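In the UniProt record's numbering, the protein residues as written are 1 to 243.
Beta carbons: idealized from backbone N, C-alpha and C, even for Gly.
Since the structure is predicted, the reported quantities are computational estimates derived from the model, not experimental observations.
The next block holds one structure in the form of structure tokens; read it before the comments.
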Amino acid sequence: MGQSAEKGQRFLDAARELGAGDRAHFVRADLSLISENTRLLEEIGRVFPAVDVLVLGARYHRSVRTETPEGLESNFALFYLSRFLLSHGLAASQERAETPIVLNVAGPGGTGPVQWDDLQLRRHYLGTGALGHGGRLNDLLGAGFATVHPDSRIRYILFHPGVVSTSFAGEYDRVTAAQVAGLKVSGKSVAQSIDQILPCLDRPPAEPLSAFVEGRRLDVDTPYFDRDDAARLHQITEKLLSA
């Protein structure tokens with residue numbers, strides 16, 4: 001799933017070359033929109049009877065604060081809200097899998113506080129800060145998932161891959177663009193990052209929630225994953241979606 005039809009076609013072509021074309025599907029969707037996430041959930045439910053692994057990795061940097069057509073701050077909508085919708089919306093489908101896993105590629109264990117009175121950063125917006133804040137919200141999304149689904153077999157894994165040399169999709173001011181150019185050179189390869197992620201999928205931890213930074217496991221019994229804060233955020237999010 002993704003917004004680029006071109007990238008989607010490249011994925012399908014690669015799958016065919018590997019002999020997996022009949023098992024590969026691409027759905028074009030703007031995950032920053034609640035309506036598109038809802039459509040995507042319906043499409044996945046129609047095509048796939050079970051979902052073994054849900055990988056959440058979409059995000060898009062913006063140096064200037066931007067709102068979606070639905071009136072939500074773009075980072076909050078894409079980096080957090082869509083992951084909330086897909087995590088909880090596909091839980092029933094994942095329960096039908098043998099070893100269900102959610103892999104949320106975020107930034108577990110971040111040091112910044114949650115801006116409870118300004119979750120969509122209407123004040124003092126900074127592009128890199130917005131991504132960091134989105135990572136904190138995803139920490140709490142993972143922490144709250146097991147509470148919302150207490151009898152679930154799903155293993156929720158938060159993973160920080162470090163600096164990886166990808167496209168760094170986004171809209172950057174001049175200074176940040178120069179910094180990103182340097183990261184593209186110094187960052188690890190995608191293959192190296194995948195090598196760190198695969199053990200988490202092949203041998204997922206037994207606990208409902210786990211978190212890793214570049215393959216190193218973090219302690220989730222810390223304030224960054226506070227269950228009361230997670231419940232608070234879940235309640236706020238549900239109220240936002242109901243509106």
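Nearest chain D C-beta to N138 closer than 8 Å, yes or no?
In the displayed structure, chain D is absent; only one protein chain is listed.
Sorted by chain position, which residues of the same chain lie with C-beta nearer than 6 Å to F76's C-beta, five sequence neighbours on each side aside?
Non-local beta-carbon contacts of F76 in its own chain, meaning distances under 6 Å to residues more than five positions away in sequence, involve Q120 in chain order.
Could you check where the beta strand (DSSP E) with F212 kicks off and where it finishes?
In the DSSP annotation of this structure, the continuous segment of the beta strand (DSSP E) that includes F212 starts and ends at L209 to V213.
Three-state secondary structure (DSSP) of G170:
Collapsing the DSSP output to three states places G170 in a strand.
Contacting residues, own chain, Cβ-Cβ under 6 Å from A230 (five flanking each side not counted)
Excluding sequence positions up to five before and after A230, its CB lies within less than 6 Å of the CB of L140, A143 and G144, all in the same chain and listed in chain order.
I'd like to check one pair, A50 with A91: are the Cβ atoms closer than 8 Å?
No, the pair does not count as a contact, with Cβ atoms beyond the cut-off.
Can we say the stretch 120-131 touches the stretch 204-214, given the rule of at least three CB pairs closer than 8 Å?
In short, these stretches do not touch, since the Cβ pair count stays below three.
List, from N- to C-terminal side, the alpha helix (DSSP H) runs of 4 residues or more that fit wholly inside the stretch 58-145.
Every alpha helix (DSSP H) of 4 residues or more that sits fully in the stretch 58-145 is shown, in chain order, as 82-89 and 91-95.
For the beta strand (DSSP E) holding L56, just list the boundary residues, first then last.
For L56, the uninterrupted beta strand (DSSP E) run begins and ends at V53 to L56, by DSSP.
Check whether the Cβ atoms of F168 and L183 sit closer than 8 Å, and answer yes or no.
In this structure, F168 sits near L183, with a CB-CB distance shorter than 8 Å.
Please tell me whether S189 and V163 are closer than 8 Å, where the distance is taken between their beta carbons.
No; because the gap between Cβ atoms is not below 8 Å, this pair is not in contact.
Counterpart residues of K188 in DSSP-defined beta bridges:
Bridge pairing for K188: V164 [DSSP].
Opposing strand residues paired with G2 [DSSP bridges]
Per DSSP, R28.
Boundaries (first-last residue) of the beta strand (DSSP E) holding A216:
Sequence inspection shows Arg at residue 216; the Ala mentioned does not correspond to that position. Per DSSP, R216 belongs to the beta strand (DSSP E) from R216 to L218.
Given a cut-off of 8 Å on the beta-carbon distance, is the pair Q94 and L41 in contact?
Contact: no.
What does the alpha-carbon distance come out to for the pair residue 256 and D13?
The chain is shown from 1 up to 243; residue 256 falls before or after that span and cannot be answered.
So what does DSSP say about R155, is it helix, strand or coil?
In the structure shown, R155 falls within a strand segment according to DSSP collapsed to helix, strand and coil.
Following the continuous alpha helix (DSSP H) through A50, name the residue where it begins and the one where it ends.
Unbroken run through A50: none, as it is neither H nor E.
If you reduce the DSSP assignment to three classes, tell me which class L18 lands in.
Of the three classes helix, strand and coil, the one that applies to L18 here is coil, per DSSP.
Check this for me: beta carbons of L103 and I154, under 8 Å apart or not?
Cβ atoms of L103 and I154: not closer than 8 Å.
Would you kindly work out how many angstroms separate the C-alpha atoms of T99 and G89, rounded to a whole number?
Roughly 18 Å between the two C-alpha positions.
Can the beta-carbon of H234 be found less than 8 Å from the beta-carbon of V114?
Cβ atoms of H234 and V114: not closer than 8 Å.
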